[in-house]
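Heads up, the thing below is written out as structure tokens.
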Amino acid sequence: MKRTVKYDLFALLTELVEREPGISELYLFGSRQYGTGSLRSDCDILLRAEPDADVKQSRLRDFALEKCPALDFFLCTEARAVSAANDSFVYAPTFKELVTRLDAVRLWTRRSGFEDFLFRRSGDWTFEAAAEVDFIHTTLPDALITNLAWQRKIEQTEAIGLPVRPFIGDTLDKAVSQIVAVVRDMIRRSEDLEPRGNAKGGWTVNLQSEYDCQNLFLTVVKPWLPTLAREESLVQFDGQEKRHDFSLFEGKLIIEMKFIDSLAKKAEVVKTLDGLARLYSRASNVQCVLMIIFVKEGVALDAAKWETDYSLRAKSPHVTTMVIRIP
229 MKRTVKYDLF ALLTELVERE PGISELYLFG SRQYGTGSLR SDCDILLRAE PDADVKQSRL
289 RDFALEKCPA LDFFLCTEAR AVSAANDSFV YAPTFKELVT RLDAVRLWTR RSGFEDFLFR
349 RSGDWTFEAA AEVDFIHTTL PDALITNLAW QRKIEQTEAI GLPVRPFIGD TLDKAVSQIV
409 AVVRDMIRRS EDLEPRGNAK GGWTVNLQSE YDCQNLFLTV VKPWLPTLAR EESLVQFDGQ
469 EKRHDFSLFE GKLIIEMKFI DSLAKKAEVV KTLDGLARLY SRASNVQCVL MIIFVKEGVA
529 LDAAKWETDY SLRAKSPHVT TMVIRIP
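The working numbering applies: residue 229 is where the sequence shown begins, and numbers increase by one.
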């Protein structure tokens, strides 16, 4: 059995920012962010500092060697991040674009402190790494993506059944995150529309049922993800059967929608959510279930608590629950 070491990233970064007052922001990127579970993966940290700040790569490298060899610090003073381990670098026109292209998650700022972050596998700030391993730290090219690397990424993405036109991510988690962003943005109020004409009275801003929400989702998503299937297949287990609302990526992603417009409906949905997660856990092809709960304004519901309580990352399939308020 492999011997592992557990590291507390919160404690490590707390000590780091105390030692290095010139650091202004910290971000996590790379495989550790996505919860791949690899014990040999390094932990890539993007550090932002002002150009005149006294932050030395040699000190960052020494800190990692002393405290956690899996740490790989990338120091960025403008929009160019350089590895303290091997001097490889990555850049973008602006720091904001660099963060976006690295798909980095902010962990801490000197102004606001630590963000509400959890590793997907541990459920807290800790991660495990193999003991007595010489970590091969991330080497980034001096351009964001070369043509050869891009072609390889496209081939890998196609091989796991994800679309490349459009490209919405090279992992299922990234693809689901993109879909979640679209769903959150598709809900509009009448005041969001142009003031002229009759568009402000259309059905898209007056959703009254689960079917209205499903139809809006289909209208928005189907043109750019043509393989979106509606009620196409049936899951059966132990006498139960369920025809799912939508599926994507050869059935790897299942999308279920619920509509709450009263306290009675809220109680009904609570019972349904648990049962759906158990039902899909028996479907071998399903890797992720996205639960979208549309809630009418006026119905008391703690969205953050629901999204936490009914999301599941520790087992397969992953369950992501999102609550959308509708006018």
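The beta-carbon is built from N, C-alpha and C at its ideal position, and this holds for glycine as well.
Computed from a prediction, not measured in an experiment: that's the story for all the values here.
In this structure, the alpha-carbon of phenylalanine 301 lies about 28 Å from that of threonine 385.
Spanning the alpha carbons of glycine 526 and leucine 446 requires a straight line of approximately 26 Å. Within the stretch 275–318, the runs of alpha helix (DSSP H) that reach at least 4 residues and sit entirely inside it are, in chain order, 285–295. Selection Glu484, Ala495, Tyr508 and Asn513 evaluated against threonine 549 yields Glu484 as nearest (Cα-Cα). Counting other Cβ atoms within 10 Å of its Cβ, proline 297 reaches 16 or more and is therefore classed as buried. Per the C-alpha coordinates, the member of Leu518, Leu335, Glu343 and Arg260 positioned closest to tyrosine 538 is Leu518. Under DSSP, arginine 247 forms no beta bridge with any residue. DSSP, read as helix, strand or coil, puts glutamate 343 in coil. Cβ contact annotation for lysine 524 (same chain, cutoff 7 Å, sequence separation greater than five): Ile488, Asp489 and Ile554, in chain order. Shown here for threonine 322: same chain residues with a beta carbon closer than 6 Å to its own, the five before and five after excluded, namely Ala307 in chain order. Under the criterion of beta carbons closer than 8 Å, leucine 335 and leucine 303 do not qualify as touching, at roughly 15 Å. Here DSSP, grouped into helix, strand and coil, assigns arginine 412 to helix. Nearest to alanine 403 by C-alpha distance, out of Val327, Ile388, Lys486 and Ala492, is Ile388.
Taking every protein chain shown into account, the CB of glutamate 278 has fewer than 16 other CB atoms within 10 angstroms, so this residue is exposed.
Check the Cα spacing between valine 411 and each of Glu253, Tyr262, Val233 and Thr432: the tightest is with Thr432.
Just measuring C-alpha positions, the residue of Tyr255, Arg329, Val551 and Ala239 sitting nearest glycine 397 is Arg329.
Phe474 is the residue among Ser437, Phe474, Tyr439 and Glu438 whose C-alpha sits nearest the C-alpha of proline 454. Assigned with DSSP and collapsed to three states, aspartate 331 falls in coil, not helix or strand.
A direct Cα-Cα distance of roughly 45 Å separates glutamate 294 from isoleucine 520. As a beta-bridge residue in DSSP terms, lysine 524 pairs with Ile554.
In the structure shown, lysine 402 adopts helical secondary structure according to DSSP, grouped into three states.
Across the structure, proline 451 and methionine 414 are spaced so that their CA atoms are roughly 14 Å apart. Taking C-beta atoms as the reference points, glutamate 253 and threonine 305 fail to come closer than 8 Å. Under a 10 Å Cβ-count criterion, aspartate 270 is classified as buried, with 16 or more other Cβ atoms of the shown protein chains found around its own Cβ. Annotation for aspartate 236: the continuous beta strand (DSSP E) segment containing it runs 232–236. By the C-beta criterion, the stretch 280–287 is judged not to be in contact with the stretch 339–354, since fewer than 3 inter-stretch pairs fall below 8 Å. With 16 or more neighbouring CB atoms inside 10 Å of its own CB, lysine 486 falls in the buried class.
Aspartate 290 counts as exposed, since fewer than 16 other C-beta atoms from the protein chains shown sit within 10 angstroms of its C-beta.
Here valine 392 is exposed: its Cβ has fewer than 16 other Cβ atoms, across all protein chains shown, within 10 Å.
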